[in-house]
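Some notes on the structure that comes next.
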Amino acid sequence: MVLTTNPSSSKPKLVEEENEKWHEIKKKGDDIIQEEIRILLNTPIPLQAIGFIKNSSPLYEKIKTARNKITEFESLYNIASDTSIRSDLAIRIQEQKDIVGTNDKKIEALKRHTANQARIMAKKQNQLEEK
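At position 8 of the sequence shown the residue is numbered 8 (full-length UniProt numbering), and the sequence of numbers has no breaks.
Given below as structure tokens:
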């Protein structure tokens, strides 16, 4: 049977443990408490890293399927002898090439965007470290 409860300790036990910790902290002097608060407030919070575009993104999948269709249509184009079929296949090949081209442009724009975001995040991190 699957356990559906939270494996962490129960809430009353957690509250009791935290109250004990608070009583220990209250016993310390005000200067020590203020110093710990200052240290916690001055600790830089690591900014979330900007991820890069995964190769499994939908754009890559569209490009992959379009390229597969291009190779399939080109092989059919080479086999076909009827001019109407060849012209129809040529149109379909061009449509798939257009799809690949537009998705490649979108991916390049996304890569530029993620690079800019990473640069901005690094700049913010440097500014926080300087303060």
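Cβ atoms here follow ideal geometry from the backbone N, Cα and C, with glycine treated the same way.
How many Å lie between residue i and residue j at the Cα?
{"i": "residue 102", "j": "residue 129", "result": "41 Å"}
{"i": "residue 63", "j": "residue 38", "result": "52 Å"}
{"i": "residue 61", "j": "residue 70", "result": "14 Å"}
{"i": "residue 40", "j": "residue 34", "result": "10 Å"}
{"i": "residue 43", "j": "residue 12", "result": "30 Å"}
{"i": "residue 94", "j": "residue 68", "result": "13 Å"}
{"i": "residue 114", "j": "residue 19", "result": "44 Å"}
{"i": "residue 2", "j": "residue 10", "result": "Annotation note: pLDDT 45 at residue 2 (below 50); position unreliable, no value reported."}
{"i": "residue 29", "j": "residue 21", "result": "15 Å"}
In terms of alpha-carbon separation, which member of the options lies closest to residue i?
{"i": "residue 97", "options": "72, 41 and 131", "result": "72"}
{"i": "residue 57", "options": "14, 107, 112 and 89", "result": "107"}
Excluding the 5 residues flanking residue i on each side, which residues of the same chain have their C-beta closer than 7 Å to its C-beta?
{"i": "residue 122", "result": "none"}
{"i": "residue 66", "result": "96, 99 and 100"}
{"i": "residue 16", "result": "none"}
{"i": "residue 92", "result": "73"}
Looking at the unbroken alpha helix (DSSP H) that takes in residue i, where does it start and where does it end?
{"i": "residue 75", "result": "58-79"}
{"i": "residue 104", "result": "83-130"}
{"i": "residue 13", "result": "11-27"}
Once you ignore the five residues that flank residue i on each side, which residues in its own chain have a CB closer than 8 Å to its CB?
{"i": "residue 81", "result": "none"}
{"i": "residue 104", "result": "63"}
In its own chain, which residues sit with a C-beta less than 6 Å from the C-beta of residue i, not counting the 5 before and 5 after it?
{"i": "residue 89", "result": "73, 76 and 77"}
Check whether the segment 63-79 touches the segment 22-31, counting contact only when three or more Cβ pairs, one atom from each stretch, lie closer than 8 Å.
Between the segment 63-79 and the segment 22-31 there are fewer than three C-beta pairs closer than 8 Å, too few to call the two in contact.
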